[in-house]
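Engineer: Mind looking over this structure? Questions follow.
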Amino acid sequence: MFDNLTQKLSQSFRNLRGQGRLSEDNIRDALRDVRMALLEADVALPVVKDFIQAVRERALGEEVTRSLTPGQVFIKIVHDELVALMGATNDRLDLQVRPPAVILLAGLQGSGKTTTAAKLALWLTEREKKRVLLVSTDVYRPAAMDQLRNLGRDIGVEVFPSDPSQAPLTIARDALAEAQRKVMDVLIVDTAGRLHVDEEMMREAKDLAAVVQPAELLFVVDAMTGQDAVNTAKAFDAALPLTGVILTKADGDARGGAALSIRAVTGKPIKFIGVGEKVRKGLEPFHPDRMASRILG
Ligand code: GDP
């Protein structure tokens, strides 16, 4: 997703062998390379600035031990700061509530919500042995309801029957009652998305959250949408009590900077990444250290 930054950084340090410390002078080019790489990857400018500042502060005066080259020392600092920026730990779903634990998915249309709902359902049934019920409250797009029904059938997870003639809140309430009656562990609620952030969508998501009291309210966002992803994340985070983020389409090779920006801008952990269209194998827990290594190439 990024050009090979490690290679570039090693290049800018090639003349520095034998120096005892990193200095403002000898990290200037390397910092510029990092800055360029992050901007090219669509990381938001304020995030890039803060990041460069953090790396500069740590690098200055850093001692270069005999076993490492200045380049290696610098690259390790960048790696550590990337991990710190994205959250040092792999944040798992927190479903420690009286069952059924509700997971509410919110995001724009096309972000991958419905696919992600099915991926999560499969993940929870297969990996965590949970009993899961899926439901769609997207009454504006009957096709979305059909899509979830079909995905549920494919993966063998029950989908609560909902109908476009019903109110989203009624569907959510009924699905929750059904999940309680059937002693399900988890209810995953797929919500309607629109093409752009709008008040009505936010109000509906807020009302749904009030009704189902989700253990996890996850913002689903397309990693390929670059700066738009950051702006959308800000709007959703301001309007809803998000608990985390799922970054979809992280298998695409461009604009992976969304992972950095969204975490920095919302402060909410990225819990999973979507890595393919297929429901099976298309979802992975987010590992900041792996993403940092991938960014460094
Ligand atoms: P929704 O409108 O938010 O419910 O989005 P959908 O679930 O219908 O997904 C929109 C499109 O994105 C579909 O073509 C999905 O197959 C695709 N998609 C979803 N997640 C991923 C992903 O992680 N990687 C890739 N490559 N495509 C994805």
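FYI, in our numbering the residues of the sequence shown are 6 to 302. Here a beta-carbon is modelled for each residue, glycine too, at the ideal position from N, C-alpha and C.
1. Just verifying my parser: in three-state terms, what is the DSSP assignment at Met6?
2. Mind checking which residues open and close the beta strand (DSSP E) that includes Ala318?
3. List the whole-angstrom C-beta distance separating Leu44 from Val52, where the pair is believed to meet the contact cut-off of C-beta under 8 Å.
4. How would you label Ser116, buried or exposed, when you count the other beta carbons within 10 angstroms and need 16 or more for buried?
5. In the structure shown, what three-state DSSP assignment does Val202 receive?
6. Taking the C-alpha atoms as reference points, what is the distance between Gln232 and Arg186?
7. Less than 8 Å between the CB atoms is what I'm expecting for Leu222 and Thr248, so what's the real figure, rounded?
8. Please state whether DSSP places Lys276 in a helix, a strand or coil.
9. Strictly by DSSP, which residues pair up with Val164?
10. Between the beta-carbon of Thr121 and the beta-carbon of Gly279, is there less than 9 Å?
11. Could you tell me if the beta carbon of Arg121 falls within a distance shorter than 8 Å of some heavy atom in the ligand GDP?
12. So which of Ala297, Glu289, Val284, Pro104 has the shortest CA-CA distance to Leu192?
13. If you measure between the beta carbons of Gln12 and Gly302, is that distance less than 9 Å?
14. Would DSSP call Asp242 helix, strand or coil?
15. First and last residue of the beta strand (DSSP E) that includes Thr253?
16. Can you tell me whether Ser116 sits near the ligand GDP, meaning its C-beta is under 8 Å from at least one heavy atom of the ligand?
17. Going by alpha carbons, who is nearest to Gln58 out of Val39, Ala46, Gly161, Thr142?
18. In three-state DSSP terms, what is Arg97?
19. Any heavy atom of the ligand GDP closer than 8 Å to the CB of Lys254?
20. Using the C-alpha atoms, what's the distance from Gly66 back to Pro246?
21. Helix, strand or coil, according to DSSP, for Glu45 in the structure here?
22. If contact is defined by three or more beta carbon pairs under 8 Å, each pair taking one atom from either stretch, is the stretch 150-164 in contact with the stretch 84-94?
23. Report all residues from its chain with a CB closer than 7 Å to the CB of Ser17; omit the five preceding and five following residues, and keep chain order.
24. In three-state DSSP terms, what is Pro169?
25. Taking 8 Å as the cut-off, is the beta-carbon of Asp195 closer than that to any non-hydrogen atom of the ligand GDP?
26. Using the rule of at least 16 other Cβ atoms within 10 Å of the residue's Cβ for burial, across every protein chain shown, is Ala64 buried or exposed?
27. Are the stretch 127-146 and the stretch 228-243 in contact at 8 Å, needing three or more beta carbon pairs?
28. Between Pro166 and Val226, what straight-line distance do the alpha-carbon atoms span, to the nearest angstrom?
Structural biologist: So, from the listed chains and residues:
1. Counted from its first residue, the sequence shown places residue 6 at position 1. In this prediction, Met6 has a pLDDT of 49, which is less than 50 and means its spatial position is unreliable; what the coordinates show is noted afterwards. Note: Met6 maps to coil in three-state DSSP.
2. In the structure as shown, the chain begins at 6 and stops at 302. Residue 318 is therefore absent and cannot be evaluated.
3. The residue labelled residue 44 in the question sits at position 39 within the sequence shown. The residue labelled residue 52 in the question sits at position 47 within the sequence shown. About 10 Å; that fails the 8 Å criterion.
4. Here residue 116 corresponds to residue number 111 of the sequence shown, with the count starting at 1. Under this definition Ser116 is a buried residue.
5. To locate residue 202, count along the sequence shown from 1; it is residue 197. Note: Val202 maps to coil in three-state DSSP.
6. Numbered from 1 along the sequence shown, position 227 holds the residue referred to as residue 232. Numbered from 1 along the sequence shown, position 181 holds the residue referred to as residue 186. Going from the Cα of Gln232 to the Cα of Arg186 covers about 43 Å.
7. For the purposes of this step, residue 222 is taken as residue 217 along the sequence shown, with counting starting at 1. For the purposes of this step, residue 248 is taken as residue 243 along the sequence shown, with counting starting at 1. Sure, about 5 Å apart at Cβ, within 8 Å.
8. Locating residue 276 in the sequence shown gives position 271, counting from the first residue. In the structure shown, Lys276 adopts extended strand secondary structure according to DSSP, grouped into three states.
9. Mapped onto the sequence shown, residue 164 falls at position 159. Per DSSP, Leu139.
10. Taking the first residue of the sequence shown as 1, we reach residue 121 at position 116. Taking the first residue of the sequence shown as 1, we reach residue 279 at position 274. Result yes, Cβ atoms of Thr121 and Gly279 sit closer than 9 Å.
11. Indexing the sequence shown from 1 puts residue 121 at position 116. Going by the sequence as given, residue 121 is Thr instead of Arg. Under cutoff, so the answer is yes.
12. For the purposes of this step, residue 192 is taken as residue 187 along the sequence shown, with counting starting at 1. Nearest to Leu192 by alpha-carbon distance, out of Ala297, Glu289, Val284, Pro104, is Pro104.
13. Against the sequence shown, residue 12 aligns to sequence position 7. Against the sequence shown, residue 302 aligns to sequence position 297. Closer than 9 Å, so yes.
14. As a working mapping, residue 242 is identified with position 237 in the sequence shown. Shown here, Asp242 sits in a helix according to DSSP, grouped into three states.
15. Within the sequence shown, the letter at position 248 stands for residue 253. Looking at the DSSP string, the run of the beta strand (DSSP E) that includes Thr253 is 249-253.
16. In the sequence shown, residue 116 corresponds to position 111, counting from 1. For the ligand GDP, a non-hydrogen atom lies closer than 8 Å to the CB of Ser116.
17. The residue labelled residue 58 in the question sits at position 53 within the sequence shown. The shortest C-alpha separation from Gln58 is found at Val39.
18. Counting from 1 along the sequence shown, the entry for residue 97 is found at position 92. Three-state DSSP puts Arg97 in coil, outside helix and strand.
19. The residue labelled residue 254 in the question sits at position 249 within the sequence shown. Yes; taking the cut-off as 8 Å, the Cβ of Lys254 has a heavy atom of the ligand GDP nearer than that.
20. Here residue 246 corresponds to residue number 241 of the sequence shown, with the count starting at 1. Here residue 66 corresponds to residue number 61 of the sequence shown, with the count starting at 1. Taking the straight line joining both Cα atoms gives about 42 Å.
21. For the purposes of this step, residue 45 is taken as residue 40 along the sequence shown, with counting starting at 1. Of the three classes helix, strand and coil, the one that applies to Glu45 here is helix, per DSSP.
22. Counting Cβ pairs under 8 Å, fewer than three are found: no touch.
23. Position 12 of the sequence shown, counted from the start, is the residue given in the question as residue 17. Only Asp34, Ala35, Asp38 meet the Cβ criterion.
24. Here residue 169 refers to the residue found at position 164 of the sequence shown. In the three-state scheme derived from DSSP, where H, G and I count as helix and E and B as strand, Pro169 is classed as coil.
25. Position 190 of the sequence shown, counting from 1, holds the residue named residue 195. Answer for Asp195: yes, Cβ within range of the ligand GDP.
26. On the sequence shown, residue 64 is found 59 positions in, with the first residue counted as 1. Ala64 counts as buried, since no fewer than 16 other beta carbons sit within 10 angstroms of its beta carbon.
27. Contact annotation: the stretch 127-146 does not touch the stretch 228-243, with fewer than three C-beta pairs closer than 8 Å.
28. As a first step, residue 166 must be located in the sequence shown, where it is residue number 161. As a first step, residue 226 must be located in the sequence shown, where it is residue number 221. Each residue's alpha carbon lies about 26 Å from the other.
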